[in-house]
Amino acid sequence: MKIKCLLVDDEPLAIKLVQNHLAQLDAFEVVATCSTAIKALEILRTIPVDLMFLDIKMPQMKGIDFLKGLKDPPAVIVTTAYREYAIDGYDLDIVDYLLKPITFERFFKAVDRYLRERKAGNSIAAVRTPNPYLFLKSGLRNHRLNTEDILYIESLKDNILIVCTNSSLTIRYKIGDLEPDIMSFPLIRIHRSFIVNLDKVTSFSGSEISIGNKNLPIGLSYKEYVLKKLKI
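According to my numbering, the sequence shown is numbered sequentially starting from 1.
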């Protein structure tokens, strides 16, 4: 049976883009689309839905407030132009948080994550482990990194530098491709060029984070999200 999807967004072009992405994947089908949370609730009460693609800013009710009110929600992938709601989304165990404009590559990572969670029969919260590892494939090699050892990750164009407690590693990888993989770890992106381990932060201000003697900038578009995360 195909995975039944509901698309909730007040932008017709955004709905169309997700529809086009899903049309390339045989396992999924769109059973309904709508532009408001109220209409989405009516649909959820009448049609079986496995996966909901949910916008944040919509008329009448925000997507996050709608999701908080659902007693038995389907799996949810958030689609939005606003980064600052990511913390709320993660607290509600969403599958992924996609920032518009959504490329097919990034979209595919999100639905692949959903499929892996579905196959395992676990929620995102349930698969977190006390001693988590991050697996990164670069070329023919797979690198296993203990996230407890990671201090920060820096983008070097088409490569990333992963600085750990007692070592460092440079591999061919794009920092943006890491975001769907780090959401269940204490790793957050603070700048277009940096991801940090929240557990290793020694001090911070409104413009930078310090990890030991290393000072890393907080990007303007990440500032609200990062400061809220740091103060939790």
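Glycine included, each C-beta is placed from N, C-alpha and C at the ideal position.
Got a sec? Which residues, its chain only, sit under 6 Å from residue 125 by beta carbon, not counting five neighbours each side?
At residue 125 the pLDDT is 36, less than 50, meaning the model places this residue with poor confidence and gives no usable figure here.
Would you mind reading off the limits of the alpha helix (DSSP H) that contains residue 46?
37-46
With burial defined as no fewer than 16 other Cβ atoms inside 10 Å of the residue's Cβ, what is the status of residue 13: buried or exposed?
exposed
Looking at residue 50: is its Cβ nearer than 9 Å to the Cβ of residue 116?
In this structure, the beta-carbon distance from residue 50 to residue 116 does not fall below 9 Å.
Apply the 10 Å Cβ neighbour rule to residue 127 and answer buried if 16 or more other Cβ atoms are within range, or exposed otherwise.
Unreliable placement is indicated for residue 127, whose pLDDT of 37 sits below 50; no coordinate value is reported for it.
8 Å Cβ shell around residue 24 - same chain, five flanking residues per side excluded
104
Among residues of its own chain, excluding the 5 on either side of residue 16, which ones have a beta-carbon nearer than 6 Å to its beta-carbon?
Excluding sequence neighbours, residue 16 sits near nothing in its chain.
When 112, 155, 141 are compared against residue 193, the one with the closest alpha-carbon:
155
Based on the DSSP secondary-structure assignment, which residues constitute the bridge partners of residue 96?
77
Which of helix, strand or coil DSSP assigns to residue 192:
coil
For residue 129 and residue 100, I'd like the C-alpha separation in whole angstroms.
Note that residue 129 scores 41 on pLDDT, short of 50, meaning its location in the model is unreliable and no value can be drawn from it.
Note down the Cα distance separating residue 151 from residue 141, rounded to an integer number of angstroms.
22 Å
State yes or no: is the C-beta of residue 230 within less than 9 Å of the C-beta of residue 198?
yes
Reference residue 172, options 54, 29, 139, closest by Cα
139
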